[in-house]
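Residues in the sequence shown are numbered from 8 upward in steps of one, following my numbering. Backbone N, C-alpha and C define an ideal beta-carbon position, used for all residues, glycine too. Beneath this line is the structure, given in structure tokens, with notes to follow.
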Amino acid sequence: FLPNSDSAKLRLERHEVWLRCAVATEEDTQSAEEVCRQWSDAADQLILKAWQVSGCESHGYALLALGKLGSQELNLSSDVDLIIVRADDAEVDMKALRAFQTLLSEYTEFGFCLRVDLTIRPGGKSAALVPSISEFEFHYGYHGETWERLAFVRMRILSGNTGLQNEVEQFARKFSFRRHLDFTLLDELKGLRSKIRQEKFETKPNCFHLKLGPGGIRELELFVHALQVIHGGRHPILRTSSTTEALTQIKNLKLLPSDECDDLLSIYWYLRTLENKLHAYEDQQNYLVDLVQGHPALPVGFAVQLKVVTDRVCAIADSLFEAASADSSVPEGDEEQRAWLADQGFSVYSQTTTWPELLSATALSRKSERDEEARLTFLKGFVTALASSGVDRDLGLSLLLDF
């Protein structure tokens, strides 16, 4: 029996690749990174076939992948996050767009192909399905939030006419990676971390949520993307959607101690391995693991290792996120400031030259009073974090002066 509909062909092609990835995961014949890349490549092809068959390709819309599809790290039961953008003078072909969604997401006798999420678009599910490039730029330029800046770190364009692609890429790069230092960013990042930890999800006694739990996948990704957004304006090499490449370059730039970068990278793919094993077991979006009873898909005794690695993620992330909540008061007098810096291990040059230059600058903002307070809070937290990080304190302070 050979199905002849495009829908059935897509689903059977999907199942064939998915089963290969699931078997490789179950039998540990490929790493989680290799499996995620293989599944991401397959998802790209399935999406582009549906894009072409539905007629959307002929309109030249830009098709953007975000999230784990954008980073080519898609897990075996993940949603695919997509945004569609049109040229200002292009029409919206709802028939083609509905056909595209149906080809991928509809459940048939052959199952489904991919879970497509288009609600990450500007304005969310209540907004137009396909914003124009002007609407896209207006929304993010005037109303874009910190979580959206982080999300665009992993943006990748799958299809679209070249001119529109270039316009989207240039805008997204400026949106996420700014050359000036945003002094309110740390507080906003800390707020995002709190939201992740407060997010409501199904839980049970003695269980841990691999994605949303403290030190889990999302918190680790938030930390890495935060460093990319903070430093990516100055260091273009950080403008990558790959978690592995991002941590490699963070290490090369000495933005974190080498052992922390190495640990985060190995922990990330350990957590993604557990995630893939759960998803390969039932092809369901299950992230909850019982730390006492275990799970048939997971190694015996995984709970001990899981506790160690998630505690390590929390400790490393605290160095960035908790700096925002530290005592924000900078000592008032020059002598008091020099004594404070000396106590933190900074050189005389940093105390008498670099620090006064940093302190003499003011926040350039329409909300100068708010942002000047945020700037001083940031400087206090930055000095404290440098002193405890193990990196070159004086070099770190001088690099901040270059922003």
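The beta carbon of Glu195 lies closer than 6 Å to those of Thr153 in the same chain, with the five residues before and after it left out.
Burial check for Thr317: the Cβ neighbour count within 10 Å reaches 16 or more, so the residue is buried. Beta-bridge partners of Ser139 (DSSP): Arg93. Scanning its chain for C-beta atoms nearer than 6 Å, with the 5 sequence neighbours on each side dropped, one finds around Arg345 the residues Gln358, in chain order. By the criterion of at least three beta-carbon pairs nearer than 8 Å, the region 145–152 is not in contact with the region 207–225. No residue range can be given for Arg161, since it is assigned to no alpha helix (DSSP H) and is classified by DSSP as neither H nor E. If you ignore the 5 residues before and after Ala15, its C-beta comes within less than 6 Å of the C-beta of Phe117, all in its own chain and listed in chain order. By the neighbour-count criterion, in which a residue is buried when 16 or more other Cβ atoms sit within 10 angstroms of its Cβ, His238 is buried. Val42 is positioned such that its CB atom lies no closer than 8 Å to that of Val87. For the beta strand (DSSP E) assignment, the uninterrupted runs of no fewer than 3 residues enclosed by the region 242–326 are, from N- to C-terminal side, 295–297. Counting only runs that start and end inside the region 12–91, the alpha helix (DSSP H) elements of at least 4 residues fall at 13–34, 39–61 and 74–77. DSSP places Val175 in the helix class (H, G or I) of the three-state scheme. Between Phe119 and Ser61, the C-beta gap is not smaller than 8 Å, which leaves the two residues out of contact. With respect to Arg161, Gly220 sits apart: the two C-beta atoms are not nearer than 8 Å. Closest in C-alpha terms to Lys75, from the list Ala310, Asp297, Ala233 and Ser47, comes Ser47.
DSSP, read as helix, strand or coil, puts Val123 in strand. With contact defined as three or more Cβ pairs closer than 8 Å, the region 261–276 and the region 309–327 are in contact. Of the candidates Thr36, Glu80, Gln79 and Val92, the residue whose Cα lies closest to the Cα of Cys63 is Val92. Of the candidates Gly170, Leu165, Ser405 and Gly240, the residue whose Cα lies closest to the Cα of Gln59 is Leu165. Scanning Ala39, Trp25 and Ala57 for the CA closest to the CA of Ile274 turns up Ala39. With contacts defined by Cβ atoms closer than 8 Å, Asn173 and Gly67 do not form a contacting pair.
If you draw a 10 Å sphere on the C-beta of Tyr294, you find 16 or more other C-beta atoms in it, and that means buried.
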